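Working notes, beginning with the structure itself.
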Amino acid sequence: MRYPSGRAGQRALARFSPNPNKAHRINWHEWGHDAFQTALAQDKPVMLCLTAFWCGFCQRMDEVTFSDDEITTLLNAYFIPIRAEDAQRPDVDVRYNQNGWPTIAFITPWGDHLGSVNYMDADAFGDVLVRIHRVYQDQKHELRQAAAHNEHNTPQDAQDAAPQSRVRVSAVAEISDVLMGMADGVSGGYGPDHKFLHPEANDFLIHRYESTGDSTYLDHVALTLDRVRASKTHDSQGSGYFRYSSKVDWSEPHREKLLADHAGLLQNFLKVYLLTGRTEYRTMAEEVIEFLRSTMSDSSTGAFYGCEDIVTPPATTALGAKLGMRDVSKTFSIIDETVYVDANAQTASVLLEASWVLGMPECRERALRALEFLWENCRAPDGAMCHYHVGEPRVSGLLQDQVRMGMALLDAFRVTGAPEYRDHARKLGEYVRANLANSAGGFYDITYKGPAHLRYPLTLLPQNGLAATFFLLLADATDEQAYRQASLWALSAFTDDFAPYGVYASEYGQALAAYTSEPLQVTLEGQAGDPMLRSLARAALTRLASFRLTLNLITSTGPSSLYVKRGQDRIGPIHNPEEVQPDLLNAFDSSDKRVAARPSDA
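Mind the numbering: the sequence shown is residues 598 to 1199 in our numbering, read in order.
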């Protein structure tokens, strides 16, 4: 079942539960200045309903609470109801989400937060609506005075604040220690309770294995992937992986499958296959690629859909309906057809990797087609990437989309050598530097100032970790040191204890490790999928890992070869992986450089 995502020229459609409901009778508004202006004009508080497309409790609230006649009357009479999805509005979600979805936040017309609740049945929620209405009516004057005082005393951006000029190199080991302290040695994954996939944590530990040679890191990632693949979190009937398990052994999944998770898992499978040569990880990677092709692909545009959800409808018997039971015999699948730029860019990046690791040229073509769609159809007039596409691009200027797209474009440049991809990435880098820099260090998550809490941009650790990586890749691709300074700007905003961030410090840790390493260009030349090409790549990743490696690819019919470039000096061709050793770089300081005539861009 395809789920509508909207049409060009229309206000984005509010999407309700696919099960029978009457939530559409509520006068929903889109998040934005217009809704808050309406709230001011009508002197009513805002009720913000934060949902997720795949969220079972959100669907149930549509079916029960928001279908109740009294609730509909109260909301339409005394509130300005706003509905926003987490995936479409991550900027709203990060500011208002409280303990998951649905989050119902009550906000004054001038933007102050009155309180939040989560799922409630109609009776309980009706009581909350009455209390909020009375508080607003009885304390309106005091609330306005407090808002004016707080606005006057809210610190503005620290224009004169000096960002840190250094970063803590020791933080890389600290973050890996935090992750290994959370590692479940029995079931894999991280944490003692419920489990999320967290492919970004796996990716960081893989990098730690490459740079330190400590197999403990790789062993835990392999254990995690093995346990997840063998569990109910892997959908053995429909393929793909569910996002989350409420049990520690992955045995009780919530049945949603997200595009970004599959891009991350595919990266994990490819890396472990490349490093170990174990064919079961190749099989796992191929399974994910087939899931993306068969279930998540928009053949008309080349882009990928946002997620698949497996829905269980309400029971149809009188008793079952009264008890809120579900009919597990009638489950069905729905697809969110929205094209999300960050997740699509991430997917394109890993498909480019799959094309040469697995010898699947169709992955390369699909990735480049997706990137072309994003670049041509998902940009705002000022050149910024928008966040999602539903017949037209929407929500521009989020940091996450700029850096994910920039990284994917640089991956396309590495694989194709086509300079337009690098040039596009440079444009996004310049946009981020010009529009998202926090004067106190780091980069903001949004370019604009919206109503309520969106008046205040945030500098977030995971996003700045990605930004730091993007700018390092851009510096290495262009030899422009301004981008290295931008990477430092992103990293220097965070120098405190990283333990509270847990797995969410993974991308920052990986970026910091890369920043503190010297860049080294490695070019692999040969046929995609050739085992010798993979062996040469494995040797470079594990034996030259003290450097920040950029792996460039050149397709040829000759024997697989490796070239190394530092500055203007080149070494190669190297055909034997055993010759790829750390002391190979000593040749840069001698007269024996074994410089080949090609590749010219090695």
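Cβ coordinates follow ideal geometry from the N, Cα and C atoms, glycine included.
Here the structure is a predicted model, which means the values were calculated and not measured.
- C-alpha of Asn1173 to C-alpha of Ala770: approximately 33 Å in a straight line.
- Ranked by how close their Cα comes to the Cα of Gly782, the residues Thr809, Glu748, Leu822 have Leu822 in first place.
- The straight-line gap separating the alpha-carbon atoms of Gly956 and Ala1083 is approximately 35 Å.
- The beta carbon of Ala1136 is closer than 6 Å to those of Pro1174, Val1177 in its chain, skipping five residues each way along the sequence.
- Using a Cβ-Cβ distance cut-off of 8 Å, the region 978–996 and the region 1023–1041 are in contact, since at least three pairs of beta carbons, one from each stretch, lie closer than that value.
- When beta bridges are read from the DSSP output, Leu1121 appears opposite Leu1150, Leu1159.
- The DSSP assignment places complete alpha helix (DSSP H) segments of no fewer than 4 residues inside the region 812–875 at 812–827, 856–873, in order along the chain.
- Rounded to the nearest angstrom, the Cβ distance from Gln864 to Pro796 is 6 Å, consistent with a contact under 8 Å.
- With a threshold of 16 other beta carbon atoms within 10 Å, Arg826 meets it and is buried.
- Along the region 969–1027, the beta strand (DSSP E) occurs as fully enclosed runs of 3 or more residues at 983–986, 990–993, listed in sequence order.
- Sorting Asp724, Thr1139, Leu1121, Tyr1098 by C-alpha distance to the C-alpha of Val714 places Asp724 at the top.
- The C-beta of Leu889 has 16 or more other C-beta atoms within 10 Å across all chains shown, which makes the residue buried.
- Rounded to whole angstroms, Gly1123 and Gly1164 show a C-alpha spacing of 23 Å.
- For the pair Ser843 and His851, the CB atoms are nearer than the 9 Å cut-off.
- Cα atoms of Trp1086 and Gly1038: separation of roughly 5 Å, rounded to the nearest angstrom.
- In this model, Val661 and Gly653 are separated by some 12 Å (Cα to Cα).
- Per DSSP, reduced to three states, the secondary structure at Tyr1053 is coil, with no helix or strand assignment.
- By the Cβ rule, the region 1045–1052 does not count as touching the region 1018–1026, because fewer than three pairs are nearer than 8 Å.
- In the structure shown, Ala1072 adopts helical secondary structure according to DSSP, grouped into three states.
- Contact check for Gln943 and Leu996: beta-carbon distance about 14 Å, past the 8 Å limit, so the pair fails to qualify.
- Residue range 1103–1112 is occupied by the alpha helix (DSSP H) that includes Glu1104.
- About 16 Å separates the CB atoms of Pro687 and Cys646; that is not less than 8 Å, and the two are not in contact.
- When rounded, the separation of the alpha-carbon atoms in Pro642 and Gly837 is 42 Å.
- Beyond the five residues adjoining it in sequence on each side, Ser614 comes within less than 6 Å, by CB distance, of Gln656, Asp659, Glu660 in the same chain, given in chain order.
- Considered as a whole, the region 659–724 harbours 677–682, 700–704, 710–714 as its complete beta strand (DSSP E) runs of no fewer than 3 residues, in chain order.
- About 5 Å separates the beta carbons of Leu1138 and Glu807, which is inside the 8 Å limit, making them a contact pair.
- Of all alpha-carbon atoms in Arg1019, Phe929, Asp709, Gly994, the one lying nearest the alpha-carbon of Gln742 is that of Asp709.
- Of the residues Arg1145, Arg1140, Val1100, Phe793, the one whose Cα lies closest to the Cα of Leu776 is Val1100.
- DSSP places Leu645 in the strand class (E or B) of the three-state scheme.
- The three-state reading of DSSP puts Lys619 in coil, since its state is none of H, G, I, E or B.
- In this model, Val1000 and Gly1155 are separated by some 35 Å (Cα to Cα).
- Rounded to the nearest whole angstrom, the CA to CA distance from Val936 to Gly629 is 21 Å.
- Comparing alpha carbon positions, the residue from Ile772, Val764, Pro789, Asp933 closest to Ala1090 is Val764.
- Listed in chain order, the non-local C-beta contacts of Ser848 below 7 Å within the same chain comprise Ser828, Lys829, Ser842, local neighbours out to five positions each way being set aside.
- Pairing Asp811 with Gln1107 gives a Cβ-Cβ distance that is not under 9 Å.
- Residue range 929–933 is occupied by the beta strand (DSSP E) that includes Ser930.
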